[in-house]
Every structure is written in structure tokens, then in C-alpha cells.
Amino acid sequence: EAAVTQSPRSKVAVTGGKVTLSCHQTNNHDYMYWYRQDTGHGLRLIHYSYVADSTEKGDIPDGYKASRPSQENFSLILELASLSQTAVYFCASSPGLGLNQDTQYFGPGTRLLVL
Amino acid sequence: GDSVTQTEGQVTVSESKSLIINCTYSATSIAYPNLFWYVRYPGEGLQLLLKVITAGQKGSSRGFEATYNKETTSFHLQKASVQESDSAVYYCALSDPLNSGTYQRFGTGTKLQVVP
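These protein sequences, in sequence, are chains A and B. Going by the numbering used here, the first sequence opens with residue 56, and the numbers climb by one from there. Going by the numbering used here, the second sequence opens with residue 3, and the numbers climb by one from there.
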């Protein structure tokens, strides 16, 4: 029933390696987002997308790429993982229009540890 | 810039006691932000608890309440009697209603532990 799913739920990566985090939503929402959370910080926006085949930079895009091949899927790519990218990553979606246009629906998060 | 502050990282409350989780915001570029409380239960993603879009109004859900106070720029979360099932992490957030698809700011979260 979960409308936003993420995979993997946890991952250990090596410094300099490539990491891909995947997100899938069944909400039929136009907007999708990637956030990271670190201890002592609120969720910070990395990339977002409002339509398939297009992505936009958020507040902290450096070191990350994003891909939106379809309305349902949104990936976050770390081409060269670094220690500083150890964090919990959340994917979310929102309608973008209508009464609840800005209510976000989140996935369960992916815990990434870079060694 | 715009920001949300939650001063308590963790709060421990005895079951059936009252709760208040503090949230203040700074919205220098947004005249009238929308305000939210999200909750994250263990192993799950954040989910909307309540939302208020009008200053002076109160939102409520599942026994929780929060009032949008523009004078004090606060949006504290309250509950009269907590239960163990309320144990979770609570996030305060704001959005720009004129840019709502892309602009949200979250607090650091407050972990609530309810003990018997």
C-alpha cells in the first residue's frame, strides 16, 4: 500500500564508488524530491523534479545527480561517493497543484554509509 | 534565509501527561508561509500530521494541536494526554504557498519518547 518506496533501505559504499538510490511513487504526483538528513540538521533538498525527463537543483546539489525517467521513478546518483555523503536520504512526492499541492509524501528513507 | 527551529532534540514524557514541542520560524522571503507538522514513526517515512495556512488558525489531528502565531512566529505542537503510540520523531516545516511545489524548509526534528 505504501505509495512511495525506496531502494535499497540501507547501503554501505566505498569512497569513490558509484551509488544509485531509487524511488518509486504510485501517487500519480508530478513533483518528486530527494532530501538528505544529517544529525543536527533538518531535511535538506538535493534535487527535485516536476516532470519526467527533467530535474532541478535544490539547495545542496553538489556531488549528486538526479534522473526522472518516468513520472513514477526518480533516482539519485552519487558518481564518486565521499565520506561526507554518509546520511539518511528521503524521497518524497507532492501533487504540485490543488488544495494539498504542497503536502509531501515520503518514502521510508535509505541509510547510506560511505567508508 | 527562511528557516525552522526546533530547540529540543529529544523529549521524554510519561504516558497520559501533556506535551508541547516548540517550533519557531523565520520567513524573510515569504509573507505568509504555510506551516506543517510531520511525524515519522520507526521504520516509516514522514507523514503529514497537520497543516495550517492561515495566521491565527489552529490545526488539529489525532489529538495534537498547533496554532499559527504570526506575532511570535511560532507553531508549537501540543497534546493534552500522550500515549506510548505517539513515540516518534516530529518535524516542523514551512512552505511558500506561491512556490509550494519546490520550496519547503524543515526543522531538525524532535524525538518524542513516551514512557509508561
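The beta-carbon is built from N, C-alpha and C at its ideal position, and this holds for glycine as well.
Pairwise C-beta distances place the region 119-129 of chain A in contact with the region 75-89 of chain A, as three or more of them are shorter than 8 Å. For residue 165 of chain A, the closest Cβ of chain B is not nearer than 7 Å. By the neighbour-count criterion, in which 16 or more other beta carbons inside 10 Å mark a residue as buried, residue 52 of chain B falls on the buried side. DSSP assignment within the region 113-145 of chain A yields the following whole beta strand (DSSP E) runs of 3 residues or more, N-terminal first: 120-122 and 128-133. By the neighbour-count criterion, in which 16 or more other beta carbons inside 10 Å mark a residue as buried, residue 81 of chain B falls on the buried side.
When the alpha-carbon of residue 70 of chain B is set against those of B:11, B:41, B:17 and B:28, the nearest one is in B:28. For residue 50 of chain B, the chain A residues whose C-beta falls within less than 7 Å of its own C-beta are 158, listed in chain order. Taking the Cα positions, residue 117 of chain B is about 19 Å away from residue 79 of chain B.
For residue 139 of chain A, the closest C-alpha among the options A:115, A:145 and A:61 is that of A:115. Cβ contact annotation for residue 156 of chain A (same chain, cutoff 8 Å, sequence separation greater than five): 149 and 150, in chain order. Secondary-structure assignment with DSSP links residue 76 of chain A through a beta bridge to A:131. Identification of chain B residues near residue 162 of chain A by a Cβ-Cβ cut-off of 8 Å yields 47, ordered along the chain.
Residues of chain B with a Cβ closer than 7 Å to the Cβ of residue 59 of chain A are, in chain order, 47.
Each of B:77, B:33 and B:21 was checked against the Cα of residue 84 of chain B, and the nearest Cα belongs to B:21. Distances from the alpha-carbon of residue 19 of chain B to those of B:26, B:108, B:86 and B:4 put B:86 closest. For residue 5 of chain B, the CB contacts under 8 Å within the same chain, skipping 5 residues up- and downstream, are 27, 28 and 107 in chain order.
Straight-line spacing of the CA atoms in residue 25 of chain B and residue 41 of chain B works out to 14 Å.
A Cβ-Cβ separation of about 4 Å places residue 91 of chain A in contact with residue 142 of chain A under the 8 Å criterion.
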